[in-house]
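Student: Structure provided below as structure tokens; questions to follow.
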Amino acid sequence: MEVQMSDIYSEGDIYSKDDDVTIYMTPTTPLTYDNNKWVYHQMPDVTQFKADMKRQQSLHADHGVLTHLKFEFPENVKPNIDIMQLLRAEGFQVGNLELYMIEAADLRQLTGPSLEIEPVTIKNMADYMHVYEPL
27 MEVQMSDIYS EGDIYSKDDD VTIYMTPTTP LTYDNNKWVY HQMPDVTQFK ADMKRQQSLH
87 ADHGVLTHLK FEFPENVKPN IDIMQLLRAE GFQVGNLELY MIEAADLRQL TGPSLEIEPV
147 TIKNMADYMH VYEPL
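Rendered as structure tokens:
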């Protein structure tokens, strides 16, 4: 079974959806980023993204969501250098979200040490960069 990010349930209300983008607007949960976001199905160019930033800000203001902008780009598509420069110039937090799947029966069979989750710091940055390729 192949699972994709689009298979993951999003609790937000769909405000609109077309071939390019799905817009989630959930005024009852204005501080929940994942309920108030734009999910692109096609990668926008810089001009379109700038227009979408303004439109999202306006829609959020109209619906009482004043605290953030959130965009998700199509899975398995890296934003081009122009989009990345714009995101950084505008102060966006940029990251990757990876999806892994394991069957419950296989998960129960796993043995070994427990996972330890640590924040990335200056001291362990080299280890992090060894396994993570930045956008």
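Numbering (the working numbering), first residue to last: 27 to 161. We put the CB at the ideal spot given by N, CA and C, even for glycine.
Residue ranges of each alpha helix (DSSP H) run of no fewer than 4 residues wholly in the region 43-119, ordered along the chain?
Tutor: Taking only runs of at least 4 residues, the alpha helix (DSSP H) segments lying wholly in the region 43-119 are 72-88 and 107-115.
Student: To the nearest angstrom, report how far apart residue 32 and residue 119 are at their CA atoms.
Tutor: What you label residue 32 is simply residue 6 of the sequence shown in a count that begins at 1. What you label residue 119 is simply residue 93 of the sequence shown in a count that begins at 1. Whole-angstrom Cα-Cα distance: 21 Å.
Student: May I ask you to report which of helix, strand or coil DSSP gives residue 126?
Tutor: Position 100 of the sequence shown, counting from 1, holds the residue named residue 126. Note: residue 126 maps to coil in three-state DSSP.
Student: How many Å lie between residue 79 and residue 95 at the Cα?
Tutor: If you number the sequence shown from 1, residue 79 lands on position 53. If you number the sequence shown from 1, residue 95 lands on position 69. C-alpha separation (whole angstroms): 7 Å.
Student: Is the number of C-beta pairs between the region 70-85 and the region 108-118 that are closer than 8 Å three or more?
Tutor: Touching, yes, given that three or more Cβ pairs across the two stretches are closer than 8 Å.
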